[in-house]
Amino acid sequence: MFKIAKEFSFDMAHMLDGHDGKCQNLHGHTYKLQVEIAGELHQSGAKSGMVMDYSDLKAMVKTHILEPMDHAFIYDTTSERECQVAKLLNELDSKTFGMPARTTAEQMAKFMFDRLTTVGLPVSLIRLWETPTSYCEYCQCNG
Numbered sequence: 038m039f040k041i042a043k044e045f046s047f048d049m050a051h052m053l054d055g056h057d058g059k060c061q062n063l064h065g066h067t068y069k070l071q072v073e074i075a076g077e078l079h080q081s082g083a084k085s086g087m088v089m090d091y092s093d094l095k096a097m098v099k100t101h102i103l104e105p106m107d108h109a110f111i112y113d114t115t116s117e118r119e120c121q122v123a124k125l126l127n128e129l130d131s132k133t134f135g136m137p138a139r140t141t142a143e144q145m146a147k148f149m150f151d152r153l154t155t156v157g158l159p160v161s162l163i164r165l166w167e168t169p170t171s172y173c174e175y176c177q178c179n180g
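As structure tokens, this is what we get:
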């Protein structure tokens with residue numbers, strides 16, 4: 038089994054409603070995302086010798102993660118307070134993206150893993166840096 042990975046960078050704002058520190062306030066990050074996929078090599082055709090063409094991986098991540106989330110307010114659709122902020126931003130024609138969980142690096146990594154897996158990408162690992170020195174990784178690893 039082979040693994041390949043591609044890294045991406047995007048910016049977004051969020052808040053952690055109910056957090057006991059400064060992250061309860063609206064703030065932003067420049068995230069670095071690494072998407073790793075696993076599989077066997079194509080045996081024939083244009084993709085022979087590849088797990089996947091990196092440009093195909095890039096296109097899928099761009100469509101399903103970057104385009105909806107980059108430069109958006111990412112909010113927890115289960116938080117009344119965050120939904121109020123999103124409603125106001127939408128009224129002001131600002132970009133928002135809701136997800137059904139708290140917008141921690143951990144929950145976002147799992148959300149991204151699940152979203153990409155659902156569209157058929159054989160994701161083996163998501164690594165999401167919230168800052169240059171802090172990251173979370175999510176996989177459905179064996180064992």
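Going by the working numbering, the sequence shown wraps up at 180, each residue one higher than the last. Using N, Cα and C, we set each Cβ at its ideal position, and we do this for glycine too. Keep in mind that this is a model prediction, so the values were computed, not measured.
If you draw a straight line from the Cα of Tyr172 to the Cα of Ala142, it is about 7 angstroms long. Of the residues Val72, Gly55, Asp151, the one whose Cα lies closest to the Cα of Phe45 is Val72.
Exposure of Tyr91 is indicated by the presence of fewer than 16 other C-beta atoms within 10 angstroms of its C-beta. By the Cβ-count criterion, Lys147 is buried, with 16 or more other Cβ atoms from all chains shown falling within 10 Å of its own Cβ.
For Val72, the secondary structure class from DSSP, reduced to helix, strand or coil, is strand.
The secondary-structure analysis by DSSP pairs Ala42 across a beta bridge with Glu73. Distance from the CA atom of Gly65 to the CA atom of Ala75, rounded to whole angstroms, is 31 angstroms.
Within the same chain, Cβ atoms closer than 7 angstroms to the Cβ of Phe150 are found at Val160, Ile163, Tyr175, the five residues on either side in sequence being excluded. Within the model, the alpha-carbon separation for Lys69 versus Asp107 is close to 11 angstroms.
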